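Asker: Have a look at this one.
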Amino acid sequence: MRLRNLELKDAPLMLEWMHDESVVGKLKGNFIEKTLADAESFILASANKEENTHLAIVSDEDEYMGTVSLKNVKDGSAEFGIAVRKSAMGRGYSWYGMEEIIRLAFDEFGLESVYWCVSRENERAVRFYDKHNFHEALDIPSSVLERYKGMENLKWYSVLKGDVLDDRTEVAGCKIVHIKTIPTVGAGELSFFEATHDVPFEFKRMYYISKVPEGTRRGFHAHKKLKQLLFCPYGRIQLILENKHGREEIELSDPSIGVVIEEPTWREMLWLQKDSVLCVAASDYYEVEDYIRDYNEFIKFIGG
């Protein structure tokens, strides 16, 4: 997946989410009445990036999945906005679009802060932002609040230049670890970890999954006793974990970030970028009896 400028060919798919009540029901603006001509006019106007930047989030095959924006760019700040098609939800496009547009805001546009708001009744959006550790902002300028006059029960968020995005220490109760990494000038990085020192168990098996097309889902199993360290040395993979602590996901895209699973946990892996590699260090040899491949059986196993 990647970001690019909006193109007229995106208009029909843009209109798709505009007419989807499950997508726009709690968004500001009357999208339901928009026409194909409205979508095309918006795309043509997006070429002017003086005050607003609107970009398309697309798949590796260049299929439009949604729009991500920096609006009202002024005095070193901008308002973030995003909308994705229903078919793109739960596939990593929202987080990718947000992460990339914020990186552009700070690294390329030289902004100091990005802010946005959602209705507190939009539980899906609030859960998404809270899960990624974005904190509620209380010092929004009055000039910004004026644009939302008449709208009640809004929750405001902001991120400042230099903030670390998604700085969680665990996901679904599983520890997020920072693999030791040594950078070298002009010659890449060396990352390493040691059994019982950096990861709380001995390794008996290492394996990796590669040459996977974008959009492919794998996993769909849990282990009864096996402990594992999962990390992604190349590419981008969304890891979805569920256990007695709940169900959460995390994107693995930094070779120095891994997730340690030490208890029965259902896992699914979604390849966000083709040819991404998933590596696993396991505490024991392969044993088919240790696998739980039926989700309902897993729920019973953990006492659900």
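Counting from -9, one number per residue, gives the positions in the sequence shown under this note's numbering.
The beta-carbon is built from N, C-alpha and C at its ideal position, and this holds for glycine as well.
Keep in mind it's a predicted model, so treat the numbers as computed, not measured.
1. Beta carbon of residue 63, beta carbon of residue 41: below 8 Å?
2. Going by DSSP in three states, residue 158 sits in which element: helix, strand or coil?
3. Name the two residues that bound the continuous beta strand (DSSP E) containing residue 170.
4. Tell me the rounded alpha-carbon separation between residue -4 and residue 236.
5. How would you label residue 12, buried or exposed, when you count the other beta carbons within 10 angstroms and need 16 or more for buried?
6. Between residue 16 and residue 132, which are expected to be in contact by the criterion C-beta below 8 Å, what is the C-beta distance as a whole number of angstroms?
7. Compute the distance between the beta-carbons of residue 272 and residue 189, then report whether it is under 8 Å.
8. If you reduce the DSSP assignment to three classes, tell me which class residue 209 lands in.
9. Of all the options 276, 178, 170 and 219, which has the alpha carbon lying nearest to the alpha carbon of residue 252?
10. Once DSSP output is grouped into helix, strand and coil, what is the label at residue 83?
11. I'd like to confirm the pairing. Which residues does DSSP put opposite residue 149 in its beta bridges?
12. Could you have a look at residue 203 and say whether DSSP puts it in helix, strand or coil?
13. Grab me the residues of residue 59's own chain with a C-beta within less than 6 Å of its C-beta, minus the 5 sequence neighbours each way, in chain order.
14. Between the Cα of residue 231 and the Cα atoms of 135, 206, 46 and 164, which residue gives the shortest distance?
15. Just to confirm my understanding: we take residue 21, look at its own chain, exclude 5 residues before and 5 after, and list those with CB closer than 6 Å. What are they?
16. Output needed for residue 180: all residues of its chain with C-beta closer than 6 Å, excluding positions within five of it in sequence on either side, in chain order.
17. For residue 291, which residues of its own chain have a beta-carbon under 8 Å away from its beta-carbon, when the five flanking residues on both sides are left out?
18. Which of helix, strand or coil does DSSP assign to residue 138?
19. Which of the three DSSP states, helix, strand or coil, is assigned to residue 223?
20. Could you tell me which of 216, 285 and 209 sits nearest to residue 192, measuring between CA atoms?
21. Helix, strand or coil: which one does DSSP assign to residue 281?
22. Tell whether a beta-carbon distance below 8 Å holds between residue 56 and residue 73.
23. With 16 other CB atoms within 10 Å as the buried threshold, where does residue 241 fall?
24. Among residues of its own chain, excluding the 5 on either side of residue 224, which ones have a beta-carbon nearer than 7 Å to its beta-carbon?
25. Starting from residue 114, trace the alpha helix (DSSP H) in both directions and tell me its first and last residue.
26. Which whole-angstrom value is the C-beta distance of residue 75 and residue 184, which I expect to be below 8 Å?
27. Expressed to the nearest angstrom, what Euclidean distance is found between the alpha-carbon atoms of residue 175 and residue 138?
28. Going by beta-carbon coordinates alone, are residue 101 and residue 66 separated by less than 8 Å?
29. Unbroken beta strand (DSSP E) runs of length 3 or more, entirely within the segment 21 to 49: which are they?
30. Within 10 Å of its beta-carbon, does residue 135 have 16 or more other beta-carbons around it, so buried, or fewer, so exposed?
Answerer: Put simply:
1. For this step, residue 63 is matched to residue 73 along the sequence shown. For this step, residue 41 is matched to residue 51 along the sequence shown. A contact, by the Cβ cut-off of 8 Å.
2. Translated into positions along the sequence shown, residue 158 becomes position 168. If DSSP states are grouped into helix, strand and coil, residue 158 belongs with coil.
3. Reading the sequence shown from its first residue, position 180 is the one you call residue 170. Unbroken beta strand (DSSP E) run through residue 170: 170 to 173.
4. Position 6 of the sequence shown, counting from 1, holds the residue named residue -4. Position 246 of the sequence shown, counting from 1, holds the residue named residue 236. Residue -4 and residue 236 have their C-alpha atoms roughly 37 Å apart.
5. If you number the sequence shown from 1, residue 12 lands on position 22. Burial call: exposed.
6. On the sequence shown, residue 16 is found 26 positions in, with the first residue counted as 1. On the sequence shown, residue 132 is found 142 positions in, with the first residue counted as 1. Actually they do not touch by this definition, with Cβ atoms about 24 Å apart.
7. The residue you call residue 272 lines up with position 282 of the sequence shown. The residue you call residue 189 lines up with position 199 of the sequence shown. Not in contact: residue 272 and residue 189 (Cβ atoms no closer than 8 Å).
8. Working through the sequence shown from its first residue, we reach residue 209 at position 219. It is a strand residue.
9. The count along the sequence shown starts at 1 and reaches residue 252 at position 262. The option with the nearest alpha carbon to residue 252 is 219.
10. The residue you call residue 83 lines up with position 93 of the sequence shown. Helix at residue 83.
11. Taking the sequence shown and counting its residues from 1, the one referred to as residue 149 is at position 159. Paired residue(s): 104.
12. By 1-based counting over the sequence shown, the position of residue 203 is 213. Coil at residue 203, not helix or strand.
13. To locate residue 59, count along the sequence shown from 1; it is residue 69. These residues qualify, in order along the chain: 44 and 71.
14. Residue 231 sits at position 241 when you count from the first residue of the sequence shown. Here the closest residue by C-alpha is 164.
15. As a working note, residue 21 is residue 31 in the sequence shown. Only 8 and 14 meet the Cβ criterion.
16. Counting from 1 along the sequence shown, the entry for residue 180 is found at position 190. If you ignore the 5 residues before and after residue 180, its C-beta comes within less than 6 Å of the C-beta of 172, all in its own chain and listed in chain order.
17. One-based indexing of the sequence shown puts residue 291 at position 301. Excluding sequence neighbours, residue 291 sits near 212, 214, 254 and 282.
18. Start at 1 with the first residue of the sequence shown, and residue 138 comes out as number 148. Of the three classes helix, strand and coil, the one that applies to residue 138 here is helix, per DSSP.
19. Looking up residue 223 in the sequence shown gives position 233. Residue 223 falls in the strand class under three-state DSSP.
20. Against the sequence shown, residue 192 aligns to sequence position 202. Of 216, 285 and 209, the residue nearest in Cα terms is 216.
21. Here residue 281 is taken as the residue at index 291 of the sequence shown, counted from 1. Correct three-state label for residue 281: strand.
22. Here the question's residue 56 lines up with position 66 in the sequence shown. Here the question's residue 73 lines up with position 83 in the sequence shown. Contact: yes.
23. Reading the sequence shown from its first residue, position 251 is the one you call residue 241. Buried, since its Cβ has 16 or more Cβ neighbours within 10 Å.
24. Locating residue 224 in the sequence shown gives position 234, counting from the first residue. Cβ neighbours of residue 224 beyond the five flanking positions: 266 and 267.
25. Walking along the sequence shown from the start, residue 114 turns up at place 124. That run of the alpha helix (DSSP H) goes 113 to 121.
26. Within the sequence shown, the letter at position 85 stands for residue 75. Within the sequence shown, the letter at position 194 stands for residue 184. So it is not a contact: roughly 44 Å between Cβ atoms.
27. On the sequence shown, residue 175 is found 185 positions in, with the first residue counted as 1. On the sequence shown, residue 138 is found 148 positions in, with the first residue counted as 1. Approximately 48 Å between the Cα atoms of the pair.
28. Reading the sequence shown from its first residue, position 111 is the one you call residue 101. Reading the sequence shown from its first residue, position 76 is the one you call residue 66. Going by C-beta atoms, residue 101 is nearer than 8 Å to residue 66.
29. 43 to 48
30. Counting from one through the sequence shown, the residue named residue 135 turns up at place 145. By the 10 Å Cβ count, residue 135 comes out exposed.
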